[in-house]
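Throughout the sequence shown, residue numbering follows my numbering, covering 1 to 127 in sequence. Beta carbons: idealized from backbone N, C-alpha and C, even for Gly. Everything on this sheet refers to the single structure shown next.
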Amino acid sequence: MADPRLGEAIGLFNQGDWYACHDGFEALWHETAGPMRPVLQGILQVAVAELHLERGNHRGATILMGEGLGRLSGCDPQALGVDCSELRRIAGQRLAALQADLPMAPLPLPKLVAVQATSQDQGGGAL
């Protein structure tokens with residue numbers, strides 16, 4: 001997916017601008033079919049979970065983090081050129097803390113990290 005809006009949405013996600021990145025990912029999600037659609041939706045749900053968390057809605061954050069993880073569970077580990085495995089790991093830690101009513105502060109925020117291009121895939125790291 002070479003749409004420049006993807007790079008913009010990823011940048012907003014990584015800045016923790018959950019509301020703005022939600023808009024970007026949602027627009028892409030509505031326009032996408034096939035195997036990337038649930039990946040976009042999962043990322044979108046993780047972002048909205050973080051927005052709920054910022055606003056003090058722990059129940060909404062827990063539900064959406066779980067739904068986002070569910071959608072990301074079967075995705076290609078490098079879908080969209082990002083490390084989905086790392087996103088799932090961090091989101092899973094945050095979901096476990098939410099479910100156990102533990103403090104979120106010591107946990108890292110979710111990030112979308114570009115995967116490195118290999119010799120066979122020179123474009124894999126570009127977002």
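Residue from L95, L109, G81 and K111 whose Cα sits closest to the Cα of P4: Closest in C-alpha terms to P4, from the list L95, L109, G81 and K111, comes G81.
So, at 6 Å on beta carbons, what are the nonlocal neighbours of V48 in its own chain, with the 5 sequence-adjacent residues on each side left out? In the same chain as V48, and ignoring 5 residues on each side of it, the C-beta atoms closer than 6 Å to its own belong to H22 and L64, in chain order.
Can you list, in chain order, the residues of its chain whose CB lies under 8 Å from that of L28, leaving out five sequence neighbours each side? M1, D3, R5, L6, A9 and L40
Flag this pair as yes or no: are the beta carbons of C75 and P38 separated by less than 8 Å? yes
Write down the C-beta distance between L51 and L72 rounded to the nearest angstrom, noting that I regard them as a contact closer than 8 Å. Contact flag wrong, Cβ pair sits at about 17 Å.
If you run the structure through DSSP and keep just helix, strand and coil, what is V48? Reduced to three states, the DSSP call for V48 is helix.
Would E26 and L44 be called neighbours here (beta carbons separated by less than 8 Å)? yes
Work out the CA separation of E54 and A61 for me, nearest whole Å. 9 Å
If you count every other CB in all the chains shown that lies within 10 Å of the CB of A100, and 16 or more means buried, which is it? exposed
Is A114 helix, strand or coil by DSSP? strand
Looking only at C-alpha atoms, which of A105, D17, P35 and P103 sits nearest to P77? Measuring from the Cα of P77, the nearest candidate turns out to be P35.
With a threshold of 16 other CB atoms inside 10 Å of the CB of L102, please say whether the residue is buried or exposed. The residue is exposed, with fewer than 16 neighbouring Cβ atoms inside 10 Å.
Taking the C-alpha atoms as reference points, what is the distance between P106 and Q93? Inter-residue distance for P106 and Q93 is about 11 Å (C-alpha atoms, whole angstroms).
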